[in-house]
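K.L.:
Below is one structure. I have some questions about it.
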Amino acid sequence: MTESQRQEIKRHLESRLEELSLKSTDGMDRVENCADEVEYATRMAEHSLNVMLRERESAQVNQIRKALKRLDSLDFGVCEECGDDIGLARLKAQPTSRLCVDCQAALESRPLAYAC
Ligand SMILES: [Zn+2]
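First residue of the sequence shown? That's 7 in this note's numbering, and the numbers climb one at a time after it.
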């Protein structure tokens with residue numbers, strides 16, 4: 007991983023982080039007391055959907071923050087299995103990945119071990 011690739015990923019992650027933090031301050035998930043039950047139910051449904059999205063977003067924010075921290079370490083972008091470069095495209099899509107595409111695929115195709 008070259009320094010410019012590192013910078014590119016850093017910028018990418020920081021702009022993702024900014025996008026996500028802008029979204030979470032829009033205050034859309036307020037549920038007001040509503041006389042109409044149907045309207046209230048609709049708003050509650052929207053609210054729980056928002057909460058779900060919000061949770062997913064905050065998980066992403068955490069992942070990105072972690073990735074940004076790891077970005078400064080020397081082994082960032084290096085596959086933990088084979089030591090190859092993970093690849094820029096993959097890191098941008100999944101900044102927290104610690105395995106290259108090949109090793110990830112091998113891991114996923116490994117038969118599951120069943121505990122008796
Ligand atoms: Zn690998």
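Using N, Cα and C, we set each Cβ at its ideal position, and we do this for glycine too.
Just list the residues that DSSP pairs ASP91 with in beta bridges.
P.N.:
As a first step, residue 91 must be located in the sequence shown, where it is residue number 85. Per DSSP, VAL84.
K.L.:
Quick one: any contact between the region 48-67 and the region 103-120, if contact means 3 or more CB pairs under 8 Å?
P.N.:
Cβ pair count under 8 Å is below three, so no.
K.L.:
Between the C-alpha atoms of TYR46 and MET58, what's the straight-line distance to the nearest angstrom?
P.N.:
Sequence index remark: in the sequence shown, residue 46 carries index 40 (1-based). Sequence index remark: in the sequence shown, residue 58 carries index 52 (1-based). Cα to Cα, the separation comes out at about 18 Å.
K.L.:
Please list the terminal residues of the continuous alpha helix (DSSP H) segment that includes MET50.
P.N.:
Within the sequence shown, the letter at position 44 stands for residue 50. MET50 -> alpha helix (DSSP H) spans 43-77.
K.L.:
Taking 7 Å as the cut-off, decide whether the C-beta atoms of LYS16 and LEU97 are in contact.
P.N.:
Here residue 16 refers to the residue found at position 10 of the sequence shown. Here residue 97 refers to the residue found at position 91 of the sequence shown. It is not a contact, given that the beta carbons lie outside the stated cut-off.
K.L.:
Label GLY83 either buried or exposed according to how many other C-beta atoms from any shown protein chain fall within 10 Å of its C-beta, with 16 as the threshold for buried.
P.N.:
Your numbering for residue 83 matches position 77 in the sequence shown. The residue in question, GLY83, is buried, as its Cβ has 16 or more Cβ neighbours within 10 Å.
K.L.:
Taking CYS109 as part of the alpha helix (DSSP H), name the residues at either end of that continuous run.
P.N.:
The sequence position of residue 109 within the sequence shown is 103, counting from 1. It spans 107-115 - the alpha helix (DSSP H) in which CYS109 sits, taken as one unbroken run.
K.L.:
In whole angstroms, give me the CA-to-CA distance for GLU61 and VAL67.
P.N.:
The sequence position of residue 61 within the sequence shown is 55, counting from 1. The sequence position of residue 67 within the sequence shown is 61, counting from 1. When rounded, the distance between both Cα atoms is 10 Å.
K.L.:
Kindly give me the distance between the Cβ atoms of ALA73 and THR48, rounded to whole angstroms, as I take these residues to be in contact under 8 Å.
P.N.:
By 1-based counting over the sequence shown, the position of residue 73 is 67. By 1-based counting over the sequence shown, the position of residue 48 is 42. At roughly 37 Å, the Cβ-Cβ gap does not stay under 8 Å, so ALA73 and THR48 are not in contact.
K.L.:
Per DSSP, what kind of secondary structure is GLN100 in: helix, strand or coil?
P.N.:
Taking the first residue of the sequence shown as 1, we reach residue 100 at position 94. Here GLN100 sits in coil by DSSP.
K.L.:
Label LEU19 either buried or exposed according to how many other C-beta atoms from any shown protein chain fall within 10 Å of its C-beta, with 16 as the threshold for buried.
P.N.:
Taking the sequence shown and counting its residues from 1, the one referred to as residue 19 is at position 13. Counting Cβ neighbours within 10 Å, LEU19 comes out buried, since at least 16 surround it.
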